[in-house]
Structure formats: C-alpha cells, structure tokens
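This report refers to the structure that appears directly beneath it.
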Amino acid sequence: MASSSSNRPDLAVQIGSLRLKNPVLTASGTFGYGLEFAEQLDLNRLGGICVKGLSLNPRPGNQPPRIMETPAGMLNAIGLQNVGVSCFVSEYLPRLREYDTAVIANIFGETVEEYAAVAAALERADGVAAVEINVSCPNVSKGGIAFGNDPVMLKTVVQAVRKATSLPVITKMTPNVTDIVPLARAAVEGGSDALSLINTLLGMSVDIETRTPHLRNVVGGLSGPAIRPVALRMVHQVYRAGLGVPLIGIGGISTAEDAIQFLICGADAVQVGTANYIEPDAALKVCEGISEFLVRQGIGSVAELTGTLKLP
Amino acid sequence: MASSSSNRPDLAVQIGSLRLKNPVLTASGTFGYGLEFAEQLDLNRLGGICVKGLSLNPRPGNQPPRIMETPAGMLNAIGLQNVGVSCFVSEYLPRLREYDTAVIANIFGETVEEYAAVAAALERADGVAAVEINVSCPNVSKGGIAFGNDPVMLKTVVQAVRKATSLPVITKMTPNVTDIVPLARAAVEGGSDALSLINTLLGMSVDIETRTPHLRNVVGGLSGPAIRPVALRMVHQVYRAGLGVPLIGIGGISTAEDAIQFLICGADAVQVGTANYIEPDAALKVCEGISEFLVRQGIGSVAELTGTLKLP
Amino acid sequence: MTGKTIMTSQFWIVRENRLLGGDCGRLLVETSAESASPPRPGQFYMVRLGHGADPLLRRPISVSGVRMGINKPGGSSMIRISFLYKVVGKGTAIMARLQPGEHVDCLGPIGQGFTVPDPSAPPRYRRPKLAVIVAGGIGVAPFPMLIEALKRREVPVRLYFGGRRSEDLIEMGTFISRGVETITATEDGSHGEQGFVTVPLVRDIPDLPAGKTVVYACGPNPMMTAVVEICREHDLPVEISLETRMGCGLGVCLGCVVPAAKPAPDGRAVYSRVCTEGPVFNGEEVDLGLFQ
Amino acid sequence: MTGKTIMTSQFWIVRENRLLGGDCGRLLVETSAESASPPRPGQFYMVRLGHGADPLLRRPISVSGVRMGINKPGGSSMIRISFLYKVVGKGTAIMARLQPGEHVDCLGPIGQGFTVPDPSAPPRYRRPKLAVIVAGGIGVAPFPMLIEALKRREVPVRLYFGGRRSEDLIEMGTFISRGVETITATEDGSHGEQGFVTVPLVRDIPDLPAGKTVVYACGPNPMMTAVVEICREHDLPVEISLETRMGCGLGVCLGCVVPAAKPAPDGRAVYSRVCTEGPVFNGEEVDLGLFQ
Ligand SMILES: Cc1cc2nc3c(=O)[nH]c(=O)nc-3n(C[C@H](O)[C@H](O)[C@H](O)COP(=O)(O)OP(=O)(O)OC[C@H]3O[C@@H](n4cnc5c(N)ncnc54)[C@H](O)[C@@H]3O)c2cc1C
Ligand SMILES: Cc1cc2nc3c(=O)[nH]c(=O)nc-3n(C[C@H](O)[C@H](O)[C@H](O)COP(=O)(O)OP(=O)(O)OC[C@H]3O[C@@H](n4cnc5c(N)ncnc54)[C@H](O)[C@@H]3O)c2cc1C
Ligand SMILES: Cc1cc2nc3c(=O)[nH]c(=O)nc-3n(C[C@H](O)[C@H](O)[C@H](O)COP(=O)(O)O)c2cc1C
Ligand SMILES: Cc1cc2nc3c(=O)[nH]c(=O)nc-3n(C[C@H](O)[C@H](O)[C@H](O)COP(=O)(O)O)c2cc1C
Ligand code: FES
Ligand code: FES
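Residue numbers (our numbering), protein chains in the order written: chain A, 1 to 312; chain B, 1001 to 1312; chain C, 2001 to 2292; chain D, 3001 to 3292.
Structure below.
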C-alpha cells in the first residue's frame, strides 16, 4: 500500500468509465470555457474542466447586479448566461481539444426535453469527456420547482439525458434539500454514472441604505469557503449511503487540505469553484498540495484516500 | 412617520402578546443562562435572553471535541448539555428575575411528551416571558428524523407545547429543509405565536492528518456569519408567505447592518448568536447601531422597518 | 493599446502608503519589471486584501500612475505603480492599513483602458486640441496616469473635478503642479462652485474646440449618465470608466456585466463584462439607465 | 487566587513582537492599569486576530509574564503582558505579523490559574521545598510567569523542558539567567537527552523532597497523561494546564469541555469547561484518556 516517499504518487482517478489524470477539476461557471485561463495556467495539468452551463439556445442572463460578496462566500445570480450548445461546439470545443484534459460539459434546461436535446448535441461533438447535469434549475412546466428537489423529476431528467448520450453522465446535486440521500439514489436509478455535489446554497443579501436586494434577482447561490462544511457533510452522507457510484466533491475548496477532507469523506475527485476567482491557478495548487500530502504520508495513489474517514 | 432625528427612536417591538423593549435578543446556546454575561454587559439593556436549551432532565452533552472553527463560521455538537428545567427554575430563574429583560426559555425533548412536560414545568415558574421550541432535535420514536423536518411531526409538537402553556410560544425553525414555508405554516397551524429562524445548518469538518472528524459527533451545526445569507433568504421566504405571525431573524448577525437586513426582509426582532463569543457585548452594539440607523434615516420606530424590502 | 500585456498574479512590495484625507490614500507598490507588464491608463488590478476568507474576493483598483526604474544595488529594473483609494468597506480599510515592506497580491493589469490620442487611434482621437476629464470623487483615480500620457502627447488637459466636500478633491496639488487647468465644484460649496461639476461643464462646453475635443469621465453613476447626455448633445466623443462588483476580473464569472446600449436582434438584452470589455466604454456603448 | 479579577475585552497596544525561532514568538502588549485587572499565573486571554470573519473565533493564549509600570510622560500607570506563541495555523500566523503600534483586542484574564504556594493555599501547596515544572514545547508559555511567582515566594524551581528539536526549547536564556535548574530532552537529541522529557523526570523523581514537592505541567496530551501517571505513582500533587478548542472563553458555549475523572452518580459523564473550571486542573480531576 505505502510506496517509497520519493516516488511520485499516482494521481489518476476513475469516474465510471472516465479516467482523469488527477482528481482536481474546475467547477462550472467559475472557469468560463477554460480558454480564458490558458494564459494563467497550463490547462494540460488540470484533471478536467467543467465548462459554464450550456443550454440549447444562447441565454443573455439576468439583469445586474448579479453578485455580492458575503462572509467567506459570494452570492451569484448570473441567470445561466451562456453561448448555447451549438456555439460551444463550433467555437470553443475545437480550441479546447488542443489541450490534454477532460472537458466536461455542464448542461441545463427548462424542460426535460431541453436537457435531452443539449446532451444529444454534445453526443455528436468531438472532445467532450462527460456530461454534467445541473439540476438546480426550475422546471418551468412544473411550477418552477427545481428538478433536483424532487426525486421523481430528478430521475426523469437523468433518464432523458442518459438516453440521449453515450457519454458518462454526472448528476450535480443541489444542496437545498432536506435529505440528499433519496435524491442521490434517484439520480443513480436514473442512470447517472457519478454524482457531483454540491451546487450553491440559496441565499440573499440586502442593501440597508436603499432597502433593495443586493442582487437584482433577489436570491442567489451561495458559494465559497462558507459552504464547505455543508458540502462535506453531504458528500459524507451520500458516500455512507453506499450507492455504488463515484462522487465528485464541490463546495468551498480552496486548498489541498480542503480537497483532502472531501476525498477522505468519500469523494473520488473534487472541483474547485470560487477559489479560481481569487487565485487563477488555485486548482493546480490544490493538485500539487494533494501530491505533496500523499508523498508525506507515504501513500502511493490518491484513490487510496477515498472514503478512509475513521468514525469514532 | 419620520420623527425629528434628535428624538430617540422607539425600539420596542411586539412579538404576539410579548412586548420587548428592543428587538435584539441573545440566541439560545450562545449566552448561557444569561448570568454568565452579567459582568460583561448590562443585561437590562437587552431586548431579551434566550437561555440554553432546556430538557426535562439534566443532560451531560456529547463527548468532546465539540466545536471547530470553519471559514466565517463554527461547527458545534454540544449535545444539548443543560442543567434540566427544574434546576433552571430553582437556581437560575430567581437571579434572572432581578433583571428587566425578557427571559425566553428555549426547550427541547426527545419525544412530544417531553416537550410538553418541559413547557408545563415552565408554565408554573415565575419570570419566563415566552417559550421557544427547538425542533431541530431527532424524534427518537420516529427513527431519529428531526421534528422540524416534517410538517406533521412539527405541528404535533407545537400543539403539545401550546396546550401545556399559556406563555407565548415561538417555534424555532430548522434550515435543513427543502422548503421552509410549509413547515413554517405547520408551526403556525399548531398554534405558534411567532417563528424564530434559523437554527444551525448541518455541517462537517475533518482532520486530514488523523482522518477523523473534527467533532466526536461527526456532524454538527454550522453557525456564524457564513450562514447569514441562507438565514436571510429563509426569513424573506417565510415573510412573503404571509403567515401572519411575527418573525425573529437569527443567523450570523454580528452588526447592526446584519440585523437591519433581517428587519427589512420581514423580521420583527433578531437574535445574536455566535457573535456573543467574539464580542461579549455584541447584542448591545447591534441594538445601539439599529438606533443610530433609525436616527440617521429619520425613522421614528424600529417596527417601521419590518418588511420594507423594495423588490425590483 | 499596442503590445501584448500579460496579466499576472503576484506579490508587490509596499513602498509607501500615505493617507490623503477624506478617507482616501495613495499606495505605492513595486515589483521587478521582468515579472510584470506595465499597465495602460484606465486599466486596473484585482488586489487581494487580508489573509483569510473574509474578505474573500479581490478588489478592483485602477492604476493611478506607473514608473519604471532601476534599483540601485543590483541594477535590476523595477516597476512601481500607484493606487488612489477611498476607504468604503472592509477591503479598502485593510488597504489603508498596509505598511511599507508588506506584500500585496495584485492580479493585472486588466481591461480595456482609455483611448489615448495617437496617430493610429480612431479618427476623433488622432489629434485632439483638448482633452476634457470629468472626475467625481475617488473616480479621479485613473486620471493622473491618463494625464501623464496626454501631456506626453502634448494634448492640453482640462479637469472638471467634483466632490461632496473639499476633502474629496484629492491630489489637487499634483494636478496644479502639472499645469492641468482644473475646475472644481463641491456639493457643500467648500471648494469651487457649489453643486455638481456638470454645471460648469455644461456652461463651458459650447466654447470648447468643436470636433477637436475628447472627453473622459469617471465617477458616480448619476454623474456618468449626465456627462454622456451632455456629450451626446454636443457631439463629443466620451469614454467612461465604470464600476461594478467583480467576482473574478478574468471574464469568467459574468458577475460584472452592464447592459449594452443595443439589444440583440431578437430584442433580448446583451451584456458586456466591465472587467474584460471595459472598464472603459464608449459612452454610447452601454445602457446606464438599467445599470444601478 | 485572592482579589476579584474583572474580565475585560479591550484593545492593547503592541509594544514588541519578536520572533524566537522554531516558529515561535514573544508578543508584548500594554494598556492602562486602570482598565485591566492583572492576570495570575496560568490564566489566559482570548485574543482576536484579524479584522474580518475569518478567522472568526478568538484564540486562547496564556499569559507568560506581566509587569506593572508607570508611563513616563503622563505618569499614568500601565500594565504590560507578554505572550509566547507558536505559529500553527491562521490565527497564530496573524499574531506573528502584528507590528508595534498596532492594537490587539484581548479578552481576559480568564480561568483558574496555578495554585501558587502560599500560607493560605491547600496544605500541600503551603510550604513546598521544590516546584517541578514539566513543559513540552510551546506548553512552556505560562511558566515564565509562574516561575516569577515561585521565585518571589522563594520556592526553588526545577524545569523539565522537552521538545521535538532544540528550536522548540524557547526562552532557555531567560530560565538560565533566572537561576532555574533546567533539564532538557529533545526527540531528535539536538539538545539535552534524546527522547521524551518524562524519562529524566522518572529517573529523578525518587530523589525529590518527598511530600514537599509540587508539580506543574503543560504540554501535549500524551505528555500530560504520562506526567499525571508518574505523579500518581509517587504521590505528588500535580496541576496540569489543558488545551482544548474554545468557542467563547466565557463558559457559555460548552465547547471546550473535558470529561471529569468522576462520572455522575448515575454513571453518566460529567464535563468540565476548560475555560472556566480550568485551564489548570488537578491531575486527578480530569479524564485524559477520553480526551483527545
Ligand atoms: C474597474 C474598477 C476600478 C476601480 N478603481 C478604484 C480606485 O482606483 N480606487 C478606489 O478607491 N476604488 C476603485 N474602485 C472601487 C473599488 O473597487 C471599491 O471601492 C472596493 O471594491 C470596495 O471594497 P470594500 O471591501 O472596501 O467595500 P465593501 O462594500 O465591503 O465591498 C463589498 C463588495 O462590493 C464590492 N464593491 C463595493 N463598492 C464597489 C464599487 N464602487 N465598485 C466595484 N465594486 C464594489 C467589493 O469589491 C466587494 O466585492 C474601482 C472599481 C472598479 C470596478
Ligand atoms: C488555555 C489555553 C492556553 C493556550 N496558550 C497558548 C500559548 O500561550 N501559546 C500558544 O502558542 N498557544 C497556546 N494555546 C494554543 C492556541 O490557542 C492554539 O495554538 C491556537 O488557537 C491555534 O490557532 P490557529 O488559528 O493558529 O490554528 P488553527 O489550527 O487554524 O485553528 C483552528 C481552530 O482550532 C483551535 N485550535 C487549534 N489548535 C489548538 C490548541 N492547541 N488549543 C486550543 N485550540 C486550538 C483554534 O483556536 C481555532 O479555533 C493555548 C490554548 C489554550 C486552550
Ligand atoms: C458565478 C458562478 C456561476 C456558476 N455557474 C454554474 C453553472 O453554470 N452550472 C453549474 O452547475 N454550477 C454553477 N456554479 C456552481 C459551481 O460550479 C459550484 O457548484 C459552486 O460554486 C460551489 O463550489 P465553490 O464553493 O467551490 O464555488 C456557479 C458558481 C458561481 C460562483
Ligand atoms: C454552541 C452553540 C450551541 C447552541 N445551542 C442551542 C440550543 O441549545 N438551542 C437552540 O435552539 N439553538 C442553539 N444554538 C443555535 C443558535 O441559537 C442559533 O440559532 C445559531 O447559532 C445561528 O445563529 P448565529 O449564526 O448567530 O450563531 C446553538 C448554537 C451554538 C453555536
Ligand atoms: S468580474 Fe468576473 S466576469 Fe468580470
Ligand atoms: S470556551 Fe466556551 S464554554 Fe469554554
């Protein structure tokens, strides 16, 4: 099990049929389409890139203001602005293909059909390693309840995407739920190959001078270090439920120590989100830190860390 | 409406039949039984004190470690250590009665009957202004689901307390739910005179060197500034649901600005929790800051702020 | 806008941090010229303040000045930039406490700066007879550097500088010593005319060299809206530097947007990122009405 | 433990902050003697570090020394306390960056200190012939002040001081100049005996004045467990100063508890708050086994 500490540890991990060169991805919406960071860091050294959420047609996004800082966190209500899946495939994907890293297409829709259509459009494209389904969006035909809040709706949307693509499917769980385990189970039953968690917590902030919300959308998604304890707890819960699929931990990860906490609780890989804004090479630093930790502890492969939490 | 800015603004608020001299209370579990702070600040200047949660019998609490700091927050799993309701009534209440502030007894139980029994024990005591029901506890006879997570259980426990006491009843909502509105409604239907929200978010943290949870209890409650955006969003949601009961905002309030955000979103009063640990007189500073804000804005009474959020 | 600028995130060493009054200060930071590209007027840096997760995000701060030089002992070349700042919240309060010798992490230079008159610039910026600068309060921050560039190109500069009170009119000494004609206005009348600085601007504008005047503005939004309106009426080209909350400064969070003046063909809004397409925009490009 | 101590939260001004090596430092802070009660040996302060919400909680730091004095110009009396600290995380890293002239918010003095020999003290502490102090690494922090108190009462002191490596043995110069007999041990053998400091302690203990020796210990938990065990065997009274994570330092969060050695009559655990009932406990009072 333990290898000589002078060896470079094995960082590769397996997410279903998808092999990642290392367990550190960048989270959707925090890394653009990847190319924006090409000058800031060597994209080839990333485990993967989850691109900004893609819909069938381009979306302009919400009116500003769209973000606000909060203690150790930030709120956003971007409104899922994106170039649309066709533009992504024709304009961005060819340039992304030049890099040796897994490109994961984060997708969303307002209806089950839209999810399936986006997945189908990606199926035909070259250079997408997996599809990540953002289920934190309101289902417009069901009164605006988020797909991810209801096990039946969630299973339906996952099934639809599953049918539309042969790519590995990752379902990205929303944390705004009473019990994440039945929802995680629904996603797995729907055919999800892996789960990523968590998306943002719903939050709000108000300007007391004008008595208006800091976000034009009133509420927004809370991300950053503030949410890390909640994210870690949910990864722990889902891992303990033993659903038999790989987990990708997300939420407030800024350092290798943060990432390792998720791995120990059962994640096979992690995504770095808001931290990219503060240090453009945060994901690389996290990855290097994990490697150093493994060397220091004499662990040969990062996969050996997953789920090794010692419960009292 | 506006009063001359040289007048002292009216800080009194009405929570059902309970009149508070000002809208700033200290939150349960963060201010002991109040007396511990008597040297640090003038308790008479507080709107009220929510004492540490009381059960029928004394409880030793959880094994340590019980707390851990997180970014802009802290996790706790104290395990509801307390002296028990009889000891509180005989040992602490007489001394608390010497202060001119509202003493609110925070209560909990493992069964509906225990909740009712604690409420009944307080009913006979002198010097308790209201009962606040902590419903974030597992119902031992229902497989350990928290009372506050299920509308039926929640209504039942509120009804039982309501029947056991003639004191104003405040239900303290848990935030670990998909939709807080139906639960708030259940509490009101059960006879709650007011709602306080939020209790802590469930979270977790891990020591990567030992691979053990930082808390012996594995998971714990996240409090502090980190959770403020989530708390504010929930107060906003419940206020907009128009349930017709006063709301008390809790969660990450450290400054007057924080408190005013909650008032604007619909809270009639607020509780200061974790901030008491950092500044023992935090609640008084919040209260003074609210007063200064009212003067600066020419508002005669704090009650005029409640629910004045301007939606775009 | 020539030459490729490389944006870097690195530690700069604080050389001086001087309080200027009116809650404002001037910060000088320095680093090796090999590691950092020189900024252009109107560009900014995302500055990391504090050491923990609160404040979390970097703060956008314009460059006020730049100087290249040689460090005596080693003979290595260095770059020194200055920031003008106003304390308005926790980030800028930390900035005011920085001590010489401390290190501060600045990411930049970022964004599209002002169009500096140049033979290769767009027609109206080729050979202006006068550059009018309109600054409101700390909005003056990018202008010392722009003024340097204008002076170097021998473009006469006139500064309209407004504030709430006289203390808001920082760096007046520098402007005067640089020979910048300066017209001031304060809301409380403690310096210059009483009222908004747009009042003397409107009065003077008919007398400015027609077709040969360019306008640059930075300040609070109502002022910017007024300036753009005035320039439109008098057919003057105006560039405005905008401030919005920024998540990343890298063009990826999409948090900093302003609505473009022209919606998409389908009538839906189009948003421009202030960090990437801005912070300097042509006054006609953006919809300031929608933008709070 | 005589006289009423008032706990206050106030700003102290940093007078000196010196790095000592081994990631340790000594911080001197000062305030007016009117506003602050003097601490007793073994007490601590909850120190606020940073300006935002991260780090959020105050950090418990023992007083290492105290001096009362008169400020020259005004003639006002002042109190100066010193802290010894080791950088282990973000709070202590901020502490290491404090500059003279800065203000630091300290809440205290807090807790039950060491029992200092005194005619009114419990029997075994009335007239000891020797005080043995066992310190592990930064656990030495409260002892300079205890040693002062012991010296004032003419109790001879012997210090057993262990660390991982020689740099961990801070303030050795002070102890030696104070005439404290000091026995050292380091795990890497770079200073004194190689191994744990409990080894020389065990060897020496039979020769100590029986019934007339008192022991004080502060250091990592395994060391404390060993020291309590050793003292139990030799029937020596021992006081230990414990470290647990603290939420408040005010006795209200119940976050800092250790299990008492004796459970309740019904067999359930009883917990003591380290901030209020401690941090100094009689070695027999607490259950160190359960306590990680
Ligand atoms: C391109 C650009 C250039 C700027 N140049 C300067 C400059 O040279 N000097 C200067 O003093 N200020 C400048 N500002 C404004 C400066 O960024 C804010 O004053 C600063 O971010 C406030 O941070 P704070 O923590 O002190 O305030 P807080 O109110 O605590 O900040 C809370 C959040 O709101 C954001 N925020 C608050 N006010 C503003 C604002 N006016 N603009 C953008 N974001 C804001 C903060 O960045 C932070 O994310 C510039 C802004 C932009 C966008
Ligand atoms: C009564 C008492 C007296 C102390 N006296 C001293 C002293 O004089 N000098 C000194 O250097 N240290 C002392 N410590 C330990 C000191 O409090 C911790 O090293 C410090 O809190 C670590 O904070 P950090 O932010 O650097 O580390 P982090 O690891 O980032 O802290 C994270 C959290 O854990 C807590 N924590 C981490 N380590 C400890 C610890 N060993 N004990 C208690 N809480 C901890 C922190 O307070 C914080 O809440 C004392 C502890 C106690 C309880
Ligand atoms: C500005 C912003 C935009 C985001 N956009 C998306 C998105 O398009 N799709 C998605 O699934 N998640 C999106 N997220 C959520 C992140 O991918 C991530 O789940 C979340 O921010 C928590 O991780 P963090 O705390 O590391 O940022 C966005 C987050 C932010 C801050
Ligand atoms: C250490 C600790 C103990 C607490 N104990 C109780 C309790 O006994 N009963 C209760 O209803 N809430 C309890 N709470 C929750 C607080 O009252 C409050 O709802 C929560 O901390 C959020 O507010 P804050 O962010 O201001 O701390 C406790 C919180 C903390 C930090
Ligand atoms: S600040 Fe993130 S896109 Fe402009
Ligand atoms: S630290 Fe809060 S009770 Fe001891």
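Glycine included, C-beta positions come from ideal geometry on N, C-alpha and C.
Could you tell me which residues DSSP puts in a beta bridge with residue i?
| i | result |
| --- | --- |
| residue 207 (chain A) | A:212 |
| residue 3251 (chain D) | For residue 3251 (chain D), which the question treats as bridged, DSSP gives no partner whatsoever. |
| residue 1313 (chain B) | What is shown of chain B runs 1001 to 1312, which leaves residue 1313 (chain B) out entirely. |
| residue 2217 (chain C) | C:2134 and C:2240 |
| residue 2024 (chain C) | C:2021 and C:2086 |
| residue 26 (chain A) | A:49 and A:272 |
| residue 3282 (chain D) | D:3239 |
| residue 2066 (chain C) | C:2081 |
| residue 2272 (chain C) | C:2258 |
| residue 2103 (chain C) | C:2013 |
Starting from residue i, trace the beta strand (DSSP E) both ways and give me its first and last residue.
| i | result |
| --- | --- |
| residue 3192 (chain D) | Per DSSP, residue 3192 (chain D) belongs to no beta strand (DSSP E) and is neither H nor E. |
| residue 2187 (chain C) | It is not in any beta strand (DSSP E) - residue 2187 (chain C) carries neither H nor E in the DSSP assignment. |
| residue 249 (chain A) | 247 to 250 |
| residue 3044 (chain D) | 3044 to 3047 |
| residue 1019 (chain B) | 1018 to 1020 |
| residue 3264 (chain D) | Run containing residue 3264 (chain D): none; DSSP gives neither H nor E here. |
| residue 15 (chain A) | 13 to 15 |
| residue 1197 (chain B) | 1194 to 1197 |
| residue 220 (chain A) | 219 to 223 |
| residue 1172 (chain B) | 1169 to 1172 |
Here's a check: name, in chain order, each residue in its chain whose Cβ is nearer than 7 Å to the Cβ of residue i, leaving out the five neighbours to either side.
| i | result |
| --- | --- |
| residue 3115 (chain D) | 3121, 3122, 3125 and 3239 |
| residue 1040 (chain B) | 1280 and 1281 |
| residue 1183 (chain B) | 1148, 1151, 1154, 1173 and 1177 |
| residue 1314 (chain B) | Shown here, chain B extends from 1001 to 1312; a query on residue 1314 (chain B) therefore has no answer. |
| residue 1026 (chain B) | 1046, 1049, 1050, 1271, 1272, 1276 and 1283 |
| residue 3003 (chain D) | Reliability fails at residue 3003 (chain D), whose pLDDT of 48 lies under 50, so the model's placement of it is uncertain and no value is given. |
| residue 3277 (chain D) | 3112 |
Keeping to the same chain, check which residues put their C-beta closer than 8 Å to that of residue i; ignore five residues upstream and five downstream.
| i | result |
| --- | --- |
| residue 3071 (chain D) | 3077 and 3078 |
| residue 2103 (chain C) | 2011, 2012, 2013 and 2014 |
| residue 3019 (chain D) | 3025 and 3096 |
| residue 3231 (chain D) | 3215, 3237, 3238 and 3283 |
Give every residue of the same chain whose Cβ lies closer than 6 Å to the Cβ of residue i, excluding the five residues on either side of it in the sequence, and list them in chain order.
| i | result |
| --- | --- |
| residue 1221 (chain B) | 1076 and 1200 |
| residue 213 (chain A) | 206 |
| residue 3001 (chain D) | Reliability fails at residue 3001 (chain D), whose pLDDT of 38 lies under 50, so the model's placement of it is uncertain and the value that follows must be treated cautiously. Closer than 6 Å at the Cβ level, and outside the excluded window around residue 3001 (chain D), lies no residue. |
By the DSSP assignment, the alpha helix (DSSP H) with residue i in it spans what residues?
| i | result |
| --- | --- |
| residue 1151 (chain B) | 1151 to 1164 |
| residue 1229 (chain B) | 1228 to 1240 |
| residue 189 (chain A) | 180 to 189 |
| residue 1263 (chain B) | 1256 to 1265 |
For the region 3280 to 3288 of chain D against the region 3232 to 3250 of chain D, are there 3 or more C-beta pairs whose distance is under 8 Å? yes
Identify every run of the beta strand (DSSP E) within the region 1044 to 1116 of chain B, keeping only runs that are complete inside it and at least 3 residues long; order them along the chain. Contiguous beta strand (DSSP E) elements confined to the region 1044 to 1116 of chain B occur at 1048 to 1050, 1067 to 1070, 1073 to 1076 and 1102 to 1107, taking only those with 3 or more residues.
Quick one: any contact between the region 1275 to 1285 of chain B and the region 3248 to 3257 of chain D, if contact means 3 or more CB pairs under 8 Å? yes
Give, in chain order, every unbroken run of the beta strand (DSSP E) that is at least 3 residues long and sits entirely within the region 2111 to 2178 of chain C. Counting whole runs of 3 or more residues, the region 2111 to 2178 of chain C contains the beta strand (DSSP E) stretches 2130 to 2136 and 2157 to 2163.
Stretch-stretch touch, CB-based, cutoff 8 Å, three pairs: the region 171 to 189 of chain A with the region 1158 to 1178 of chain B: yes
Three-pair Cβ contact test at 8 Å for the region 86 to 103 of chain A versus the region 1075 to 1092 of chain B: They do not touch, by the three-pair rule.
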